[in-house]
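A short write-up of the structure that comes next.
There are 6 protein chains.
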Amino acid sequence: MPVTQITLLPGYAPDVRNRLVDRVSQAVRSVIDSPEAGTTTFVNEAATYRRDGRVFAQGRAAHPVASERVQAYLAAMENRDLPLAQTFLASDFVMCFPGGVRMQSLDELVQWARGRYRFVRKTTEAWDESWQGDVTVVHCHGTLAGEWLDGTPFEGIRYIDRFELLAGLIRRQDVWNDLGEHRARQAAAQ
Amino acid sequence: MPVTQITLLPGYAPDVRNRLVDRVSQAVRSVIDSPEAGTTTFVNEAATYRRDGRVFAQGRAAHPVASERVQAYLAAMENRDLPLAQTFLASDFVMCFPGGVRMQSLDELVQWARGRYRFVRKTTEAWDESWQGDVTVVHCHGTLAGEWLDGTPFEGIRYIDRFELLAGLIRRQDVWNDLGEHRARQAAAQ
Amino acid sequence: MPVTQITLLPGYAPDVRNRLVDRVSQAVRSVIDSPEAGTTTFVNEAATYRRDGRVFAQGRAAHPVASERVQAYLAAMENRDLPLAQTFLASDFVMCFPGGVRMQSLDELVQWARGRYRFVRKTTEAWDESWQGDVTVVHCHGTLAGEWLDGTPFEGIRYIDRFELLAGLIRRQDVWNDLGEHRARQAAAQ
Amino acid sequence: MPVTQITLLPGYAPDVRNRLVDRVSQAVRSVIDSPEAGTTTFVNEAATYRRDGRVFAQGRAAHPVASERVQAYLAAMENRDLPLAQTFLASDFVMCFPGGVRMQSLDELVQWARGRYRFVRKTTEAWDESWQGDVTVVHCHGTLAGEWLDGTPFEGIRYIDRFELLAGLIRRQDVWNDLGEHRARQAAAQ
Amino acid sequence: MPVTQITLLPGYAPDVRNRLVDRVSQAVRSVIDSPEAGTTTFVNEAATYRRDGRVFAQGRAAHPVASERVQAYLAAMENRDLPLAQTFLASDFVMCFPGGVRMQSLDELVQWARGRYRFVRKTTEAWDESWQGDVTVVHCHGTLAGEWLDGTPFEGIRYIDRFELLAGLIRRQDVWNDLGEHRARQAAAQ
Amino acid sequence: MPVTQITLLPGYAPDVRNRLVDRVSQAVRSVIDSPEAGTTTFVNEAATYRRDGRVFAQGRAAHPVASERVQAYLAAMENRDLPLAQTFLASDFVMCFPGGVRMQSLDELVQWARGRYRFVRKTTEAWDESWQGDVTVVHCHGTLAGEWLDGTPFEGIRYIDRFELLAGLIRRQDVWNDLGEHRARQAAAQ
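Chains as they are written, first to last, in this note's numbering: chain A, 1 to 190; chain B, 1001 to 1190; chain C, 2001 to 2190; chain D, 3001 to 3190; chain E, 4001 to 4190; chain F, 5001 to 5190.
Pasting the structure below:
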């Protein structure tokens, strides 16, 4: 145990059903200390389904994978493809960067970053998705590499990002990293 | 749709079953764009259950709520109750603090913190749990308040913590915050 | 086939569950030409149930049996217990009697009947319930016996009543009978 | 709740399955005071089904919709298409008309009606189906319009018909209406 | 897979439910090459059950374990407790012993055996039950030990018995063994 | 009751599913004294299935019918087609014949049989399968006909065979028959 049966309307792609049984199994195992071997989850397709006085001809759409959306957004940012990056953002998007810098547009962000480093690239150690109903929260953390404004390279500087997604769009990004610690250490060393 | 039926052995406390239907519903809704009104999840109790050639007399234990474990650990740390805090940690516990400082014992941590501030308290804005099978990852973020070594108070400084829990014990803690940014700004201001 | 499984929260009385499996079996057999022997219906009690973002502690109330409500109302009317009869009626109750006479209160009805017969009693041949969602329609038909205003007895005069019930209360009553035919025949015979 | 799962053999047309989930939902809601939003009913198709020692290759036939059968019968009667009307009747068909007139053949009925009116047409306000296992009872009520034998038109005269159907055929029809009341009133007025 | 859910009325003893999930799992695994680890079977208790137009208040009785019945019968025979042994037999019991000797009563059997050996005891290597619907067939095989009529002991002589049980009673017993081979060998040796 | 639902991955042939519902029904009825009319078993096909941390693309293979395998093996032996007969045997095949003669190869058996009869043919009265998890035990019994070494024919001599099959291969055969009894009788008669 537990044995979990999910009844869906037909028409979902196999990878959506796979994602569903994976996530439901993980949710079950987060509550019950059941080994993988004892955790059974399957999808059943209903031929006809009625709720709320209506017969539904097909199921609701599947969401994109939130962490893949974030990954694509971050790649677009690293490539400075702001129009593409913008497509991942909700209209009420806000972000907060180290030092508590709050911004609302990617242009602002690019402007602000120009005062800090020439460029930066992320190496991500882990993606963590938190499923919270309408909202999915995605965290990624790892290290930053890039060049300071004076051209000095840096690497291995820890970072973490937190994203809130609603209906597949990022509506909030929060960023923490050790760049400040690093600069302080450099300053102290000089 | 979707309608999800979870079959358990009898004996779980109501709050465990409630947590189970909540989390499974959230996992389902993270994949399918189904409104709450159309998301049905229920628990069925099996009278007898057999798998792997054995009849099971009772279900596997329920896990504690990972974020509550982390919260209790952080409270113990703020209260400097290291023996209590230690009970939440796995034997192979590791932590990494701003600047990439890696430590393995709470004593080390206390020692290290003494060189940075007199005390610090967290105000948490959000707890995010990520259910990943054997491991649950907990993030909390918010702001720090406390006193610098010279007695100057500070507050509103952003932080985020990431915890990995296995079998109810914290085996890894990663911490990021803006203390470095803050000190740098202070230094620049002087 | 068909095999029908109804999942309820615990707490319903056995007679409610029996009524439920009876009616659901009848609904199934009204669509599929399945013999009773091949029609299986059972009730399963869920330990925990969540829909619309909430865990429900207990099931919704059971309705009274609509035809039993009507029967009690008709008995109260035959016994001239208007206060009791009134308790079965919705606040927007309307009725329509032979000749298209529309009334809204039991007092009106009693007044109107005084101009037609001394009293009347129903012998009911059949009760038919029609389950229509929020509304249940009840028909009863059979024969009337009683006394004309001049004291002449009558009996065996066909009648049918139609009742609409909402939330257990009668909101509409329509009456047809052969009293008019009968009087016409009597008149012709004289 | 309630969540109802109906398991059928494959091969039923979508409209049959839709009718099934509609009716079962209505039967459920006639017993439990559950809102439409909380009433879930779905059809599951079994790949293989065995009962009574036999594996069934396909499900039992679906019944026609009883009220549609009655409607077609009444239309044939209004159009004086007796051969067509006859096809809707069981071999032991009986009918009872106002005044308690019992007949067994449509010819009798036509003969009898010729002594009462030139023609009559029904305007139906409501169809009510009562699912009773082998038998389905259909009531329809509304008003009659037509011409008396002397050519005088009439309209708005209340009627109700009750039909018993077995295996898709009408085996009993009972008719009530206010024609008698109407003629009595006319006679009184003259 | 496969996941098998058996719905019963409440009231069965745990050992009956355990036997049920064991046997059903074995039946499943006799058809599908599924390992024990992947074979899940559980019992669900229905709160209310209706079939064939009736609501059943409790489930049908459980059968005794057929091989335990046979074992008790054989023990009674070895103990020469014929009245007890008789209680395990159906009224139309028949048996067939080596050489095709057909008998119908235990007295006949005892009489016949007296002409062959003083006594015999069975050591059973395996019990095999074959579930065939109304009938369960039990085979046991192993070795015989005992004394010939002249008092010479014997042992290790192979035997097999086949029993047919209906409604918990043995209606047929067929016996094969190597006593004939043994005697022939002895005769040849002399 | 009982109602048994078996959930499989799609892709099994209809005859496999039929065999499955037959055997599971028989296993159920071996425990519960339920008539065939009240024993319902059906197969449900899951669209997606996950256990042990993996999503399974297709179900495990179906076993051949054990008694059909034995029948084919016996036919090959009667036809002296040893290479074909060998294909039904596990590599660790052992057999035991009347008198306790243990052999491991078909050649040995043929050699041994040559000292007993010219040929023998089986007429089988019943096949009994016993489903025991990994192993299925098959018994067949009936009569032997053939010719003695001196050409004298015989017939109607009782026999029973017991076979153990693992993974579709026979790993053990035990044989009992009345040939010894018969020869003893013949010897006595001479």
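Ideal Cβ placement from N, Cα and C applies to all residues, glycine included.
| query | result |
| --- | --- |
| Identity of the residues DSSP links to Gln4111 of chain E by a beta bridge | DSSP, once it has assigned bridges, lists no residue as partnering Gln4111 of chain E. |
| Asp5128 of chain F beta carbon less than 8 Å from that of His4139 of chain E | yes |
| As assigned by DSSP and simplified to three states, the class of Arg3158 of chain D | strand |
| Residue from F:Ala5047, F:Val5028, F:Thr5040 and F:Asp5033 with nearest C-alpha to Ala5010 of chain F | First, the residue type needs correcting, since residue 5010 of chain F is Pro and not Ala in the sequence shown. Comparing Cα positions, the closest option is F:Ala5047. |
| Span of the alpha helix (DSSP H), counted from its first residue to its last, around Arg2102 of chain C | No alpha helix (DSSP H) contains Arg2102 of chain C, which is instead part of the beta strand (DSSP E) from Val2101 to Met2103. |
| Extent of the continuous alpha helix (DSSP H) run through Tyr3073 of chain D | Ala3066 to Glu3078 |
| Chain-ordered residues of the region 35-63 of chain A with a beta carbon less than 8 Å from chain E | Ala37, Thr40 and Phe42 |
| Close Cβ partners of Ala3085 of chain D (< 8 Å) along its chain, the five nearest in sequence each way excluded | Tyr3073, Ala3076, Met3077 and Leu3106 |
| Cβ neighbour criterion (16 or more within 10 Å) applied to Glu3045 of chain D | buried |
| Neighbourhood of Ile4032 of chain E by C-beta distance below 7 Å, restricted to the same chain and skipping five residues each side | Pro4002 |
| Whole-number beta carbon distance between His2182 of chain C and Arg3162 of chain D, since they are thought to touch under 8 Å | Wrong, their Cβ atoms sit about 19 Å apart, outside the cutoff. |
| Own chain partners of Arg4121 of chain E with C-beta closer than 8 Å, once the 5 adjacent residues on each side are dropped | Glu4078, Leu4144, Ala4145 and Gly4146 |
| 7 Å Cβ shell around Asp178 of chain A - same chain, five flanking residues per side excluded | Ile157 and Arg158 |
| Per-residue burial, Glu2068 of chain C [other beta carbons within 10 Å of its own, 16 or more giving buried] | exposed |
| Reference Gly151 of chain A; option with closest CA among A:Trp131, A:Arg172, A:Arg185 and A:Gly115 | A:Gly115 |
| 8 Å Cβ cutoff met for Arg3171 of chain D and Phe3088 of chain D | no |
| Positions along the region 4119-4130 of chain E whose CB lies within less than 7 Å of some CB in chain F | Asp4128, Glu4129 and Ser4130 |
| Short CB-CB distance (under 8 Å) between Val2065 of chain C and chain E | no |
| Status (buried if at least 16 other CB within 10 Å, exposed otherwise) for Ser3130 of chain D | buried |
| Outcome for Pro2098 of chain C when other beta-carbon atoms lying within 10 angstroms are tallied against a minimum of 16 | buried |
| Best match in A:Val110, A:Ser91 and A:Met103 for proximity to Asp81 of chain A [C-alpha to C-alpha] | A:Val110 |
| Rounded C-alpha distance that separates Thr4004 of chain E from Ala27 of chain A | 23 Å |
| Residue environment, Ser5030 of chain F, which counts as buried when at least 16 other CB atoms sit within 10 Å | buried |
| CB contact check: Thr87 of chain A to chain D, cutoff 8 Å | no |
| Top-ranked residue by Cα proximity to Arg1050 of chain B, from E:Glu4036, E:Ala4184 and E:Tyr4049 | E:Glu4036 |
| Minimum Cβ-Cβ distance from Val3 of chain A to chain E less than 8 Å | yes |
| Candidates E:Ala4090, E:Ala4057 and E:Trp4176, of which the one nearest Val2043 of chain C by Cα | E:Ala4057 |
| CB contact check: Arg4023 of chain E to chain B, cutoff 8 Å | no |
| Reduced DSSP secondary structure (H/G/I, E/B, other) of Asp3128 of chain D | strand |
| Simplified DSSP state of Ser2034 of chain C, which is helix, strand or coil | coil |
| Beta-carbon neighbours of Leu9 of chain A, restricted to chain B and to distances below 7 Å | Met1001 |
| Rounded C-alpha distance that separates Gln173 of chain A from Arg118 of chain A | 21 Å |
| Partners in chain D for Ala2184 of chain C, counting only beta-carbon separations shorter than 8 Å | Gly3180, Arg3183, Ala3184 and Ala3187 |
| C-beta atoms of Ala188 of chain A and Ala1184 of chain B nearer than 8 Å | no |
| Member of E:Thr4040, E:Leu4169, E:Gly4053 and E:Val4137 whose CA lies at the smallest distance from the CA of Asn2018 of chain C | E:Gly4053 |
| Test: Gly3142 of chain D CB closer than 8 Å to a CB of chain C | no |
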